[in-house]
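Asker:
Protein chains in written order, with the working numbering: chain E, 6 to 114; chain B, 17 to 130.
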């Protein structure tokens with residue numbers, strides 16, 4: 006089983022829709038989680054951190070559920086510019102970073 | 017300021033040849049990572065450098081892969097006797113010592129082994 010797993014999608018949603026992605030992790034010692042965004046043929050860029058209390062940034066909300074070992078990313082009022090691949094990242098407290106394979110999102114006009 | 021830079025941006029090589037990929041991290045960033053991303057796949061951790069500490073090489077797929085970091089700054093990833101399965105985008109990222117989870121990525125080197 007992969008340490009970090011994501012639904013690869015793709016998710017096809019219309020503009021204005023709300024969409025949610027989940028990411029599961031297998032190592033219960035994992036401490037910190039992050040979401041990165043990667044545009045087509047570009048490098049990943051940090052989107053937001055996810056802590057036990059969750060995190061909200063504008064239209065984006067990230068939640069952590071330790072009991073079920075998953076994190077989620079919720080995007081409200083989707084924009085065309087949100088089309089990208091969203092990568093879930095986990096850390097066990099060391100320096101090795103484990104990336105999920107990513108979830109592809111297409112927002113349509 | 018300047019971001020992470022990588023060179024070359026594209027590299028086509030013949031099977032069996034050696035290649036060197038270069039990464040220039042953001043000035044002042046002591047942590048440096050190398051990743052590999054195959055087509056349609058996620059990022060695969062290769063190696064991690066932090067300051068003058070011994071690197072974490074646990075992600076290197078074989079002994080054909082090696083990396084150095086000179087003077088705590090520029091890093092070179094070397095692949096010897098390249099194979100077709102080495103074809104991928106090789107990404108470098110750097111971060112501050114105390115914020116290793118906030119990584120800034122370079123544009124990557126696209127390696128094609130023919």
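Ideal Cβ positions, reconstructed from N, Cα and C, are used throughout, including at glycine.
Using only alpha-carbon positions, find the residue among 44(B), 32(B), 51(B), 31(B) that is nearest to residue 38(B).
Answerer: Comparing Cα positions, the closest option is 51(B).
Asker: Can you tell me whether residue 93(E) is buried or exposed, with buried defined as 16 or more other CB within 10 angstroms of its CB?
Answerer: With 16 or more other Cβ atoms within 10 Å, it is buried.
Asker: Please report how far the alpha carbon of residue 111(E) lies from the alpha carbon of residue 77(E), in whole angstroms.
Answerer: Distance between the alpha carbons of residue 111(E) and residue 77(E): 18 Å.
Asker: Going by DSSP, what residues sit across from residue 61(E) in a beta bridge?
Answerer: The partner list for residue 61(E) (beta bridge, DSSP) reads 66(E).
Asker: Considering only residues of the same chain and omitting the five flanking positions on each side of residue 123(B), which have a CB-CB separation below 7 Å?
Answerer: Excluding sequence neighbours, residue 123(B) sits near 22, 25.
Asker: Around the Cβ of residue 41(B), are there at least 16 other Cβ atoms within 10 angstroms (buried) or fewer (exposed)?
Answerer: Result: buried.
Asker: Identify whether residue 21(B) lies in helix, strand or coil by the three-state DSSP scheme.
Answerer: Three-state result, residue 21(B): strand.
Asker: Along the chain, where does the beta strand (DSSP E) containing residue 30(B) start, and where does it finish?
Answerer: Counting along the chain, residue 30(B) falls outside any beta strand (DSSP E), and DSSP gives it neither H nor E.
Asker: Just to confirm before moving on: does the CB-CB distance between residue 75(E) and residue 32(E) stay below 7 Å?
Answerer: Not in contact: residue 75(E) and residue 32(E) (Cβ atoms no closer than 7 Å).
Asker: Using the Cβ count rule (16 or more neighbours within 10 Å means buried), how would you classify residue 107(E)?
Answerer: When all chains shown are included, residue 107(E) counts as buried.
Asker: Could you tell me if residue 29(E) is buried or exposed, where buried requires 16 or more neighbouring beta carbons within 10 angstroms of its beta carbon?
Answerer: Buried: at least 16 other Cβ atoms inside 10 Å.
Asker: Given this structure, state the Cα-to-Cα distance separating residue 95(E) from residue 36(E), to the nearest angstrom.
Answerer: So the alpha carbons of these two residues sit roughly 7 Å apart.
Asker: Is DSSP giving residue 99(B) helix, strand or coil here?
Answerer: Looking at residue 99(B) - three-state DSSP - the assignment turns out to be coil, as it is neither helix nor strand.
Asker: Please list the residues of the region 53-72 of chain B that have a C-beta atom closer than 7 Å to any C-beta atom in chain E, keeping them in chain order.
Answerer: Listed in sequence order: 57, 58, 59, 61, 64, 66, 72.
Asker: So is residue 105(E) in contact with chain B if we call contact Cβ pairs under 7 Å?
Answerer: Yes, contact with chain B.
Asker: Let's see if you can read the secondary structure: which residues bound the beta strand (DSSP E) around residue 105(B)?
Answerer: Start and end: 104-111.
Asker: According to DSSP, is residue 40(B) helix, strand or coil?
Answerer: Strand at residue 40(B).
Asker: Tell me the rounded alpha-carbon separation between residue 133(B) and residue 110(B).
Answerer: In this structure chain B extends from 17 to 130, so residue 133(B) is not present and cannot be described.
Asker: I think residue 46(B) touches residue 19(B), with their Cβ atoms under 8 Å apart; what is that distance to the nearest whole Å?
Answerer: Their Cβ separation, rounded to whole angstroms, is 16 Å, which puts residue 46(B) and residue 19(B) out of contact at 8 Å.
Asker: Is the separation between the beta-carbon of residue 69(E) and that of residue 118(B) shorter than 7 Å?
Answerer: No.
Asker: Note down, in chain order, all residues in the region 26-39 of chain E with a beta-carbon under 8 Å from any beta-carbon belonging to chain B.
Answerer: Answer set for the region 26-39 of chain E: 37, 39.
Asker: So which residues of chain E does residue 49(B) contact, with C-beta pairs closer than 8 Å?
Answerer: Correct list: 102.
Asker: Measuring alpha carbon to alpha carbon, tell me which of 99(B), 63(B), 48(B) ends up nearest residue 120(B).
Answerer: That would be 48(B), whose Cα lies nearest to the Cα of residue 120(B).
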